[in-house]
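Enquirer: One structure coming up, written as structure tokens, with questions to follow.
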Amino acid sequence: MTLTTVEPGLDLVEAIQKLKQETDTILLAHYYQEDEIQDIADFIGDSLDLARRAQAVTHKRILFAGVHFMAETAKILNPDKAVIVPDMKAGCSLADSCPPDQFALFKAKHPDHLVVSYINCSAAIKAMSDIICTSSNAVDIVNSFPPEQKLIFAPDRYLGAWVQKKTGRDLVLWNGTCIVHETFSHKNLISLKIKHPNAAVVAHPECPEPILNEAHFVGSTKKLLMYVAESPAPEVIVVTEPGIIHQMRKLAPEKTFIPALTDDETCSCNTCPYMRLNTMEKIYQALKTGQPQIHLDEPTRLNAEKSLLAMLERS
Ligand code: 13P
Ligand code: SF4
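Quick note on the numbering used here: the sequence shown kicks off at 44 and runs consecutively.
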């Protein structure tokens, strides 16, 4: 496919706004996007709010500035709308860590278990699940099953371990991880805490347990934002993708935000390489060409929709 090039000197913000209107397209974006993408989006949110917003879309087209599983979720809920992404290569290590053929074998080994899957998984995994959860509602979704009901939790073993701790349930965990959240350095975090003794530490539950044990608050991106807005702490150490700091600064401009780092302080390994594939230029091109688009086979979509709707009805 030949992509249109961006005309030199073009005001991208103006051009994107105009194209959105002309083509009746809503731009949904996640908090881990570049600041300028967040600013031009019609809606920004965590995975749960993005799924809810996608469910209510009345526009003809959805352009999703996030990662593939998020756009797929929008397509599952909107089979008759065009769901466009800026870059088809914007995947997710968690989703990739759960190949459907291997997961089918794993599931077959636990026939008396129901499957709760984190939304960071492919449509094929959603189709094999009984219910979906996000980091925002994972504890409530697991608690909504009677204590005697055996459960598989996939694909994030760290989120699963955190849910296990919060609910006291014994979950069978799939061994997947997020390459961003598993890479934060415990040693570096301790140094930051010593340097900033009055700082609140907020972390995403995709981090390993030793990191979460250092946090004053653990939650989804939206819950981290809510905590930051209410916390009296003058400084905040942020242990998640630093894209979220853009909204944190807007909500609490008087506070100082300190991004947690990985062991290699010379690399920006705390940014999500998939999320950051999206650019303003690619958004402009996607709007103009209506490509690339998410396509799903109908049996998979229908089964995935069942597990997604099960979540949306319970949350
Ligand atoms: P949230 O649902 O908390 O925004 O998480 C999305 C994600 O991909 C975290 O890595
Ligand atoms: Fe996936 Fe991790 Fe990137 Fe979130 S931060 S999209 S879980 S790779």
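We treat Cβ as the ideally placed atom computed from N, Cα and C, and that holds for glycine.
Remember, predicted model here, so these are calculated numbers, not experimental data.
1. How many angstroms separate the CA atom of Ser228 from the CA atom of Ile301?
2. Go ahead and label Ile287 buried or exposed: buried means 16 or more other beta carbons lie within 10 angstroms of its beta carbon, across all protein chains shown.
3. What is the C-beta distance between Asn313 and Thr305, in whole angstroms, given that I count them as a contact (C-beta under 8 Å)?
4. Pop quiz: Ser179 and Ser263 are said to be a contact at Cβ under 8 Å. What is the actual Cβ separation, rounded to whole angstroms?
5. CB-CB under 8 Å to Gln336, same chain, minus the five flanking residues each way: which ones, in chain order?
6. Any heavy atom of the ligand SF4 closer than 6 Å to the Cβ of Tyr201?
7. Measure the C-alpha to C-alpha separation of Glu57 and Lys132 and round it to an integer number of angstroms.
8. Mind listing which residues have their beta carbon within less than 5 Å of any non-hydrogen atom of the ligand 13P? Chain order is fine.
9. Please determine if the stretch 253-272 and the stretch 84-98 are in contact, where contact requires at least 3 C-beta pairs separated by less than 8 Å.
10. For Val282 versus Cys310, is the C-beta distance shorter than 7 Å?
11. For Ser136, is the beta carbon positioned less than 6 Å from some heavy atom of the ligand SF4?
12. Nearer than 6 Å: is that true of the beta carbon of Cys221 relative to any heavy atom of the ligand SF4?
13. Candidates Val206, Ile69, Thr68, Ile254: which alpha carbon is nearest Glu225's?
14. Is the beta carbon of Val100 within less than 6 Å of some heavy atom of the ligand SF4?
15. Taking 6 Å as the cut-off, is the CB of Glu257 close to at least one heavy atom of the ligand SF4?
Expert: Let me lay it out:
1. 14 Å
2. Label assigned to Ile287: buried.
3. 6 Å
4. 4 Å
5. Ala125, Val126, Ile127, Val128
6. no
7. 26 Å
8. This criterion selects Asp89, Ser90, Thr177, Ser178, Ser263, Thr264.
9. yes
10. no
11. True, at least one ligand heavy atom lies under 6 Å from that Cβ.
12. yes
13. Ile254
14. no
15. no
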